[in-house]
Every structure is written in C-alpha cells, then in structure tokens.
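Numbering (this note's numbering), first residue to last: 2 to 157.
Each residue gets a CB set at the ideal place from its N, CA and C atoms; glycine is no exception.
These numbers were taken from a predicted model, which means no experiment stands behind them.
Take a look at the structure below.
In structure tokens:
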C-alpha cells in the first residue's frame with residue numbers, strides 16, 4: 002500500500018472539498034500530486050479505481066476514485082480499468098468503527114471483465130484499509146495475482 006500523503010493539512014481540506022463539495026479542480030490537483038508520488042513505484046498493468054455504489058454515485062454526481070485514477074493513468078501511461086462494481090449499498094465507512102467497516106464491506110464488490118495479472122487499486126483516503134482489503138479480495142478471486150494500492154492520503 003502506498004499513501005501519497007498523510008491525511009492532514011492541507012491535503013485533508015482539498016480531499017473534503019473534492020469529495021463532499023463537488024470541487025473537481027481540487028481533485029485534478031490531487032491527481033497531479035499523486036502522479037509525482039507514484040511515478041517511481043513498481044508499474045502495474047492497469048489502475049483500478051475503487052468504485053462507488055450507483056446510489057452514492059447518483060448522490061455525489063461523480064466517482065472520486067475514478068476522477069483521481071483517470072488523469073493519473075494518463076500521466077503514467079497506464080490504462081484505467083473500472084473492473085470493480087460495488088453491488089451492495091453500504092453505510093458510509095466514515096461513520097463506522099474498524100470492525101463495522103469490515104462487516105459493512107463483506108461481498109460488496111464484484112469484478113467485471115478480463116483482469117490483468119498486476120493492478121493498482123486507486124482510492125482517495127485509507128483509514129483502516131477495510132475498503133481496499135475487500136476490493137483486493139474480489140480482484141484476487143477473479144484471478145489478479147498482484148494487487149497494489151495507491152491512495153491519495155492515509156489517516157494516521
């Protein structure tokens with residue numbers, strides 16, 4: 002798992018504006034900053050954004066992980082493959098403790114399409130790692146051999 006930043010000022014404010022206030026310019030800036038931090042990492046065959054459930058996507062209007070992954074992939078010349086689909090509407094992870102987060106995401110993801118052997122999951126924030134773990138588990142069940150995770154920020 003590679004976190005580009007620690008979830009503190011000024012990155013925390015940018016992430017909140019991006020995720021909860023439709024500030025797509027903040028998302029573009031965060032993606033550019035991630036590009037600088039991820040350029041030297043082992044190269045996966047593709048980037049896979051951690052998807053939102055369609056209900057949350059309708060509420061927000063965009064998928065923040067996809068908005069980070071697309072420009073990151075273009076800059077690093079890696080395909081961005083939306084292989085994950087969240088099939089269960091889950092409670093917001095930010096409202097749950099660590100054990101509840103694990104239960105909340107059980108069987109929440111399915112994989113659609115052919116998978117490469119090595120991918121990097123892309124997400125905005127990692128707190129306990131429950132979301133990344135559930136997504137990686139689904140990808141490994143589908144045949145991915147190596148799953149890395151690239152997140153914009155990790156909560157200390």
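Whole angstroms is fine: what's the gap from residue 109's alpha carbon to residue 139's? Sequence index remark: in the chain shown, residue 109 carries index 108 (1-based). Sequence index remark: in the chain shown, residue 139 carries index 138 (1-based). Using only the alpha carbons, I get a separation of about 9 Å.
For residue 83, which residues in the same chain have their Cβ closer than 7 Å to its Cβ, ignoring the five residues on either side in sequence? Mapped onto the chain shown, residue 83 falls at position 82. So the qualifying residues of the chain are 50, 52, 67.
The alpha helix (DSSP H) with residue 132 in it runs from where to where? Counting from one through the chain shown, the residue named residue 132 turns up at place 131. Run containing residue 132: 131-142, per the alpha helix (DSSP H) assignment.
Mapping the DSSP letters down to three states, classify residue 86 as helix, strand or coil. Along the chain shown, read from residue 1 onward, the residue named residue 86 stands at position 85. Strand.
Exposed or buried, which one is residue 45 when buried takes at least 16 other CB atoms within 10 Å? In the chain shown, the residue the question calls residue 45 occupies position 44. Buried, since its Cβ has 16 or more Cβ neighbours within 10 Å.
Can you tell me the Cα-Cα spacing of residue 3 and residue 151, whole angstroms? Sequence index remark: in the chain shown, residue 3 carries index 2 (1-based). Sequence index remark: in the chain shown, residue 151 carries index 150 (1-based). Cα to Cα, the separation comes out at about 5 Å.
Counting pairs of beta carbons, one from the stretch 97-106 and one from the stretch 71-79, are three or more of them closer than 8 Å? At 8 Å Cβ cutoff, the stretches do not touch.
Hey, how far is the Cα of residue 137 from the Cα of residue 11? As a working note, residue 137 is residue 136 in the chain shown. As a working note, residue 11 is residue 10 in the chain shown. So the alpha carbons of these two residues sit roughly 29 Å apart.
From this set, 120, 23, 62, which residue's C-alpha is nearest residue 43's C-alpha? Within the chain shown, residue 43 is the residue found at index 42, counting from 1. Of the listed residues, the one whose Cα sits closest to residue 43 is 120.
Relative to the C-alpha of residue 144, which residue among 111, 61, 34 is closest? On the chain shown, residue 144 is found 143 positions in, with the first residue counted as 1. That would be 111, whose Cα lies nearest to the Cα of residue 144.
To which residues does DSSP link residue 120 through a beta bridge? Mapped onto the chain shown, residue 120 falls at position 119. Looking at the DSSP assignment, residue 120 forms a beta bridge with 47, 148.
Mapping DSSP to helix, strand and coil, what is residue 2? Locating residue 2 in the chain shown gives position 1, where the first residue counts as 1. In the three-state DSSP reduction, residue 2 falls in the coil class, being neither helix nor strand.
Provide the residue span of the alpha helix (DSSP H) that contains residue 12, from first to last. Taking the first residue of the chain shown as position 1, residue 12 is located at position 11. Per DSSP, residue 12 belongs to the alpha helix (DSSP H) from 12-21.
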